[in-house]
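Visitor: Quick note on numbering that gives the first Met the number 0: the sequence shown kicks off at 0 and runs consecutively. C-beta atoms are modelled at their ideal positions from N, C-alpha and C, and glycine is treated no differently.
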Amino acid sequence: MPETSRSTLDLLRQQRLPAWQPILTPPLVVLGFAIVTIIFIPLGGMIAVTNKQAMEINVRYDDIQHCTRTHNTGEFTYEGNNMTYKTGCLTEVNFEIKETMRAPIYLYYGLTNFYQNHRRYSNSRSDAQLAGAVVRDIPDASPLVVPGEITSTTGTPITYGGNSDLHYKDFIYVPAGLIAWSMFNDTFTLYKKKDSTGAEPDLELICNGTDFSKKNNEPLGESISKNYCSKKGIAWETDVKERFKEPDLATYHLFWTAARDLYTGVNSSPPLSNDSFFNNGWYANELGHAIPVTTDEDLMVWMRTASLPKFRKLHRIIHKDLVPGKYVMKIGEHFDISSFGGTKSFSLATLSWLGGKNNNLAVMYFSVGGIAALFAVILLVAYRIGGDRASKAIEELVQK
0 MPETSRSTLD
10 LLRQQRLPAW
20 QPILTPPLVV
30 LGFAIVTIIF
40 IPLGGMIAVT
50 NKQAMEINVR
60 YDDIQHCTRT
70 HNTGEFTYEG
80 NNMTYKTGCL
90 TEVNFEIKET
100 MRAPIYLYYG
110 LTNFYQNHRR
120 YSNSRSDAQL
130 AGAVVRDIPD
140 ASPLVVPGEI
150 TSTTGTPITY
160 GGNSDLHYKD
170 FIYVPAGLIA
180 WSMFNDTFTL
190 YKKKDSTGAE
200 PDLELICNGT
210 DFSKKNNEPL
220 GESISKNYCS
230 KKGIAWETDV
240 KERFKEPDLA
250 TYHLFWTAAR
260 DLYTGVNSSP
270 PLSNDSFFNN
280 GWYANELGHA
290 IPVTTDEDLM
300 VWMRTASLPK
310 FRKLHRIIHK
320 DLVPGKYVMK
330 IGEHFDISSF
340 GGTKSFSLAT
350 LSWLGGKNNN
360 LAVMYFSVGG
370 IAALFAVILL
380 VAYRIGGDRA
390 SKAIEELVQK
């Protein structure tokens, strides 16, 4: 070993390596706090100014009709297996925009008191199944793996593809689990009110959130006028390209999933089975409760579980400026919040170069800068009054 390396190693072993340690004298500490103040307060001001460029409108709507599974106006009717079920509400929310919101404008829905981060909830899924694999053993997703498991009706007979020896227990939900089962399913359609002399105002369609394919998320073109919003692009690119794939319906037939025509684009005639829940893509024994399509970007957004019980998720992107005026949001309410005591809302927001509106970030920077300035002043005053005691003590020792 070279002599230089040996010498360095000995110094390391003896813990005698040369080191430099700053002496934190009062002037240096005051200077440090002053630098923090100079950096953080202007940044806070810049963020506050930028926040004014990012506009946001939040509207709560669950408290208008208090629509629940047991208390609703029955706006939506579902029929199957000799049963009829009426549920849901059609809620209109009137609001006003006072300043022009420049496109793109992001439409969000929001929930409170909904704990998506609960361990059992967040684990109730199969990533392999969502990616297109055939998976039957998903213990974390029970009792929403096999149709009828949650209602103890897995032995219900069903005729499928000419085979009358099948039962619910022979099938498997795709996607399985509680996250998919509890997917948010309220619908939103935004209109601008035009000036009108009639009793009913003329409405200009801005965004019809339902006019999109659940398979490829492209517009269906079924709106009565131009639809200025888009659905494609609301989910993460990695989710769209890699994590969420269609089930292989051609190879494995015992999938209990969304209606087949949503995947194939072709109506099944005659029906594939003698069970209306299966044919319509509903959860077993739950009229109207649609199973999500695995390539639906709304599902991908929902499956990205939130960390906090109060959250919002991106729903649509509006590609038209919203000028000042009166607007109305027509909402088809299906999602019941009574079981967890939460609230529902929607938001319209624009972004700045820093992202969405975030006043808390500006407050944080102002707070840190203000506290640093306060400490700097206190230390400076104390130093000026008391003097440099360390220097005086050293001088006294030297003189002695």
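Under 8 Å, with one C-beta from each stretch per pair, do the segment 42–51 and the segment 344–356 reach the 3-pair mark?
Guide: Output reads yes: the segment 344–356 touches the segment 42–51.
Visitor: Hey, isoleucine 205 and leucine 313 are a contact pair by Cβ (cut 8 Å); roughly how many whole angstroms apart?
Guide: With 8 Å as the limit, isoleucine 205 and leucine 313 do not qualify as a contact, their Cβ atoms being about 17 Å apart.
Visitor: Threshold first: 3 residues or longer. Then list the beta strand (DSSP E) segments lying entirely within the segment 62–110, N to C.
Guide: Correct list: 75–79, 82–86, 88–96 and 104–110.
Visitor: In terms of DSSP beta bridges, what is leucine 42 paired with?
Guide: Leucine 42 pairs with nothing; no bridge assigned.
Visitor: Are phenylalanine 113 and isoleucine 330 touching if we call contact CB-CB under 9 Å?
Guide: No. Outside cutoff.
Visitor: Skipping 5 residues on each side, what residues in its chain have a beta carbon closer than 6 Å to that of asparagine 273?
Guide: Excluding residues within five positions, the ones whose Cβ falls inside 6 Å are Thr158.
Visitor: Given a threshold of 16 other Cβ atoms within 10 Å of its Cβ, counted over all protein chains shown, does isoleucine 384 qualify as buried or as exposed?
Guide: So isoleucine 384 counts as exposed.
Visitor: What's the gap between the Cα of serine 121 and the Cα of proline 308?
Guide: Whole-angstrom Cα-Cα distance: 13 Å.
Visitor: From phenylalanine 310 to isoleucine 178, what does the alpha carbon distance come to, in whole angstroms?
Guide: Cα to Cα, the separation comes out at about 15 Å.
Visitor: Do you know whose CA, among Ile223, Ala130, Tyr282 and Cys88, lies nearest threonine 294's CA?
Guide: The option with the nearest alpha carbon to threonine 294 is Ala130.
Visitor: What first and last residue would you give for the beta strand (DSSP E) that runs through isoleucine 400?
Guide: Summary: the structure shown does not reach residue 400, with the chain confined to residues 0 through 399, and so no result is reported for it.
Visitor: With valine 173 and proline 246 assumed to form a contact (beta carbons below 8 Å), what rounded beta-carbon distance in angstroms separates them?
Guide: Correct: roughly 5 Å between the Cβ atoms.
Visitor: Name the residue from Val376, Ser366 and Leu379 whose alpha carbon lies nearest to the alpha carbon of proline 41.
Guide: Cα-wise, what sits closest to proline 41 is Ser366.
Visitor: Helix, strand or coil, according to DSSP, for glycine 31 in the structure here?
Guide: Three-state DSSP puts glycine 31 in a helix.
Visitor: Considering only the beta carbon of each residue, do lysine 191 and lysine 325 sit closer than 9 Å?
Guide: Yes, these two residues count as a Cβ contact at 9 Å.
Visitor: Pick out whichever of Asp61, Leu378 and Asp139 has its Cα sitting closest to the Cα of phenylalanine 334.
Guide: Residue Asp61 is the option with its Cα nearest to phenylalanine 334.
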